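Peer 1: Quick one: structure below, then a few questions.
2 protein chains.
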Amino acid sequence: MTLPKNKSRRVTLDDVAIRARVSAVTASRVLRKPEMVSADLRARVDSAVRELAYIPNQLASALASTHTGRIGVIVPSLTNGVFGDYLRALHDVFVPAGFQVLVLNSHYLAGREEKAVATMLGQFPEAMILAGVDQTPHARRSLQQAGIPVVQTMEMTDDPIDINIGLSQREAGYVAARHLFDLGHRHVGQISAPHDARSRQRLEGYLQACAEFHATPMLASTEEPCTVPLGGSLLTELLTRWPKVTGIFCGNDNLALGALFECQRRGIRVPQDLSIIGFNDLEDSACAYPSLSTIAVPRYEMARRAAEIILEITRGTGVRPKQRRIDLGFQLIARDSTGKAG
Amino acid sequence: MTLPKNKSRRVTLDDVAIRARVSAVTASRVLRKPEMVSADLRARVDSAVRELAYIPNQLASALASTHTGRIGVIVPSLTNGVFGDYLRALHDVFVPAGFQVLVLNSHYLAGREEKAVATMLGQFPEAMILAGVDQTPHARRSLQQAGIPVVQTMEMTDDPIDINIGLSQREAGYVAARHLFDLGHRHVGQISAPHDARSRQRLEGYLQACAEFHATPMLASTEEPCTVPLGGSLLTELLTRWPKVTGIFCGNDNLALGALFECQRRGIRVPQDLSIIGFNDLEDSACAYPSLSTIAVPRYEMARRAAEIILEITRGTGVRPKQRRIDLGFQLIARDSTGKAG
DNA sequence: TTGTACGATGATAGCGCTGTCAATTACCCT
DNA sequence: AGGGTAATTGACAGCGCTATCATCGTACAA
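So the protein sequences, as listed, match chains A and B. Here our numbering is used: position 46 in the first sequence is 46, and no number is missing along the way. Heads up, our numbering is the position in the second sequence plus 1000, with the first residue counted as 1.
Here it is as structure tokens:
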């Protein structure tokens, strides 16, 4: 029927066009490419938009233009401070650029990540950002077929799906452990939650350092998600099995903080009796007492770069940057929680 | 043209239908209401879906059905541990229910929140969840006109936009301060970052307790976003101005942790020289040394309830629950960081 | 004056899916 | 056998918007 549809439905572009006495196309143009429309009509449309409190339906717009304005992000954790900063960086870049950021949580599980990838692709994002490089084969294939920019972050791989920006977790783990050996420690332990692939790589770096210094690896680990309290119990476990430990590399700053608290609780002096080094350089680490030695990873910068690369590809006509692998490196931050052995 | 469109475009429902030798509608039904289709056709469609690796276009689906499957969430911070748990709860409920959660960050600014509301409404979410109750008048109006369930969380208001689920921050602040007075402290200070409305209300509770005990309010505050390191500097500021302080109520656990570290740094014994109570009961607080007294707020539960109420409204035909204001309360957790005065 | 070029505007045809209702078939009853 | 009911399936018409191309003037060169 050609009757005006007077249902109490939402205001559409047609309503605006009718009110402004122009065609729908013109109204659409005023909103997207105002410079193509004469000042006269533009003013009419603008005021119609205001009067009707018109809100464009992004859904319809996306369907018609095949430009969804969505960026899919999959992170393994929402609570971890690392990903807080990471997501903040993505929002900081994408939201002003008119994109919306869709976030899904993989809970550090490959299976959940695969599912999250499928869910996300159903939203037809214009790009995807993933944490880590260990996607399942099936997820890899889906991502490649999607034909959109895909950025793998946080670690490095020789065989990126598309673009890879991160740092060598293994090397960083090595440097952290090495820091303790260099300070003269010979009984150096490690605590971690190696269900996280990056945690495992840091562990490898630690093992490499152990081998180099002919030291026995001393490990305590858990499959549970990483938390501050866990640092305390893992330290306890480690000290029970290897009482001679004088230096400990914690898989991340949360564990390190928990270990530090546990030391305080037991009257173990840090660093006199035990040196502690963490990983990530969370905000709290610098102001702990003693301040925590750690490895600083450029998580904000990493996400920002990932976002900007995507913006470039999307705006330019899909041309990839020359460099598909970007290693942002890391930094050893030696503070007060690590000291000379002896 | 009626030629098969052989562009390298994505697989559509039509492709599936053709391959399964059924109509598009039937293919659609197999995916949404399989019980309506005979086993025979269902099997054919299912295998076509698998063979073609078909991914439904949610955009088109949403446009056609006016069911977007989106939930809009606006939080003031992504990094704060409180909202980490809060968002996790929302994901835990909504994702299995087939909804996607869109998150926008207001950075604790009313203006940014108003803008976020507008952006979000352009996505046509089926419901909105907000933190706090102090939306701008304009944002309130937009939300009311949207005709969708709106849940305001974290605090209580007498005049909710739609549904309100939270707790009395003022009362909780009062109880925290009162805890210190009850332990015999007479010089009780408060540090906070009152750019956050809820922080201000806790402050009011503190002031009320001060009045009741005829104590002089002793405050240090900042307009910066709340962080652990900030707790240290605010404590320093407070102690400089009021050296006699023996008890301190921190606006949240991050500040409390920072204050605790600062005490350790200065050799101030907690709780012997200074009692500290925080707010929120973050995970770390229980395992700090000494463990932090605090107020536990049901942030996970609050978000979960909000999500479930929305699910009920959305599934039932839009009927609101009888109770539009739900006070989930809070709990004083007295640990080792607070002790008797003297 | 005529022809050309270009800028502004509109008509049309979908984007990929689902709501609706009509058509078809199978089944059962009298 | 005829008629009625229910279970399946399909045809059609949009959802609200934008890409595309046709159309209409108007300005300017020839």
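Ideal Cβ positions, reconstructed from N, Cα and C, are used throughout, including at glycine. Predicted model only: the values in this text are computed from it and were never measured.
Helix, strand or coil: how does DSSP classify G184/A here?
Peer 2: Note: G184/A maps to coil in three-state DSSP.
Peer 1: Across the stretch 211-227 of chain A and the stretch 259-269 of chain A, are there enough close Cβ pairs to call them in contact, namely three or more that are closer than 8 Å?
Peer 2: No, the stretch 211-227 of chain A does not touch the stretch 259-269 of chain A.
Peer 1: Could you work out which residues of chain B lie near E224/A, taking near to mean beta carbons separated by less than 7 Å?
Peer 2: Near E224/A there are no residues of chain B at all, since even the closest Cβ is about 12 Å away, more than 7 Å.
Peer 1: What did DSSP end up calling A146/A once you bin it into helix, strand or coil?
Peer 2: Correct three-state label for A146/A: helix.
Peer 1: Report yes or no: is there a C-beta of chain A within less than 7 Å of the C-beta of A1334/B?
Peer 2: Chain A contact via Cβ: absent.
Peer 1: Please tell me whether V297/A and G258/A are closer than 7 Å, where the distance is taken between their beta carbons.
Peer 2: No. Outside cutoff.
Peer 1: Select from the stretch 1055-1075 of chain B all residues with a C-beta closer than 8 Å to any C-beta belonging to chain A, and list them in chain order.
Peer 2: Residues passing the 8 Å Cβ filter: I1055, P1056, N1057, Q1058, L1059, A1060, A1062, L1063, T1068.
Peer 1: Sort G1098/B, Q1145/B, H1091/B, F1094/B by Cα distance to V1117/B and report the nearest one.
Peer 2: Ranking G1098/B, Q1145/B, H1091/B, F1094/B by Cα distance to V1117/B puts Q1145/B first.
Peer 1: Any C-beta of chain B sitting closer than 7 Å to the C-beta of D281/A?
Peer 2: Chain B, which has no Cβ nearer than 7 Å to the Cβ of D281/A, makes this no.
Peer 1: For R141/A, which option in A131/A, P160/A, E126/A has the closest C-alpha, if you only look at C-alpha atoms?
Peer 2: Looking at the Cα atoms, P160/A is the closest of the given residues.
Peer 1: Taking the alpha-carbon positions, what's the S1038/B to V1022/B distance?
Peer 2: One C-alpha to the other measures close to 12 Å.
Peer 1: Tell me the start and end of each unbroken beta strand (DSSP E) in the stretch 1066-1135 of chain B that is at least 3 residues and wholly inside, in chain order.
Peer 2: Listed in chain order, they are 1070-1075, 1100-1105, 1127-1131.
Peer 1: In chain order, what residues of the same chain have a beta carbon less than 8 Å from the beta carbon of E245/A, not counting five sequence neighbours either side?
Peer 2: A small correction: the amino acid at residue 245/A is Val; Glu does not occupy that position in the sequence shown. Counting only Cβ-Cβ distances below 8 Å, and skipping sequence neighbours, we find H187, V188, G189, M218, L238, L239, L274.
Peer 1: Would you say T338/A faces chain B, with C-beta separation under 7 Å as the test?
Peer 2: False, the Cβ-Cβ gap to chain B never drops below 7 Å.
Peer 1: Along the chain, where does the alpha helix (DSSP H) that runs through A1306/B open and close?
Peer 2: Segment 1299-1315, the alpha helix (DSSP H) holding A1306/B.
Peer 1: Return the chain-ordered list of same chain residues with a C-beta closer than 6 Å to the C-beta of Y86/A, the five sequence neighbours on each side being excluded.
Peer 2: Within the same chain, Y86/A has close Cβ partners R299, A303.
Peer 1: What residues from the stretch 291-321 of chain A come within 7 Å of chain B, judged by C-beta to C-beta, listed N to C?
Peer 2: Here the close residues number zero.
Peer 1: Can you tell which of N252/A, V151/A, G122/A has its C-alpha closest to the C-alpha of S1061/B?
Peer 2: Nearest C-alpha to S1061/B: G122/A.
Peer 1: Quick check on P1149/B - is its C-beta less than 7 Å from some C-beta in chain A?
Peer 2: Output row for P1149/B: interface = no.
Peer 1: Count the C-beta pairs between the stretch 1173-1184 of chain B and the stretch 1196-1215 of chain B that are closer than 8 Å, then say yes if the count reaches three, no if not.
Peer 2: Yes, the stretch 1173-1184 of chain B is in contact with the stretch 1196-1215 of chain B.
Peer 1: Determine, for N105/A, whether the minimum Cβ-Cβ distance to residues of chain B falls below 7 Å.
Peer 2: Closer than 7 Å to some Cβ of chain B, the Cβ of N105/A qualifies, so yes.
Peer 1: Could you pull the start and end residues of the beta strand (DSSP E) that T951/B belongs to?
Peer 2: An answer regarding residue 951/B cannot be provided, because it is not within the stretch 1001 to 1342 covered by chain B.
Peer 1: Residues of chain A with CB under 7 Å from L1087/B, in chain order?
Peer 2: Correct list: L78.
Peer 1: Is the Cβ of T1012/B closer than 7 Å to any Cβ of chain A?
Peer 2: So no, T1012/B is outside the interface.
Peer 1: Go ahead and label R1202/B buried or exposed: buried means 16 or more other beta carbons lie within 10 angstroms of its beta carbon, across all protein chains shown.
Peer 2: Label assigned to R1202/B: buried.
Peer 1: Could one say the Cβ of Q1272/B lies closer than 7 Å to chain A's Cβ atoms, at least one of them?
Peer 2: For Q1272/B, the answer is no, since every Cβ of chain A falls outside 7 Å of its Cβ.
Peer 1: Any beta-carbon of chain B closer than 7 Å to the one on F261/A?
Peer 2: So, interface residue.
Peer 1: In the structure shown, what three-state DSSP assignment does Q1323/B receive?
Peer 2: Three-state result, Q1323/B: coil.
Peer 1: Among the candidates S1233/B, C1250/B, T1066/B, A1020/B, whose CA atom is the shortest distance from the CA of R1050/B?
Peer 2: Among S1233/B, C1250/B, T1066/B, A1020/B, the Cα nearest to that of R1050/B belongs to A1020/B.
Peer 1: Chain A partners of H1091/B, CB-CB under 9 Å?
Peer 2: Near H1091/B (Cβ distances below 9 Å), the residues of chain A are L78, V103, L104, N105.
Peer 1: For M1/A, does the three-state DSSP call read helix, strand or coil?
Peer 2: Note on M1/A: pLDDT 28, under 50, position unreliable in the model; the coordinate value appears next. Looking at M1/A - three-state DSSP - the assignment turns out to be coil, as it is neither helix nor strand.
Peer 1: Touch check for the stretch 1306-1321 of chain B and the stretch 1282-1292 of chain B: three-plus C-beta pairs under 8 Å?
Peer 2: Taking 8 Å as the limit for Cβ pairs, the verdict is that the stretch 1282-1292 of chain B does not touch the stretch 1306-1321 of chain B.
Peer 1: Under 7 Å Cβ-Cβ, which residues of chain A neighbour T1227/B?
Peer 2: Neighbours of T1227/B on chain A, chain order: E283.
Peer 1: At a Cβ threshold of 7 Å, is Q123/A touching chain B?
Peer 2: At least one chain B Cβ lies under 7 Å of Q123/A.
Peer 1: Could you check if Q169/A is buried or exposed, using at least 16 other CB atoms within 10 Å of its CB as the buried criterion?
Peer 2: With 16 or more other Cβ atoms within 10 Å, it is buried.
Peer 1: Hey, is the stretch 126-142 of chain A in contact with the stretch 69-81 of chain A, meaning 3+ C-beta pairs nearer than 8 Å?
Peer 2: Enough Cβ pairs lie closer than 8 Å, so yes.
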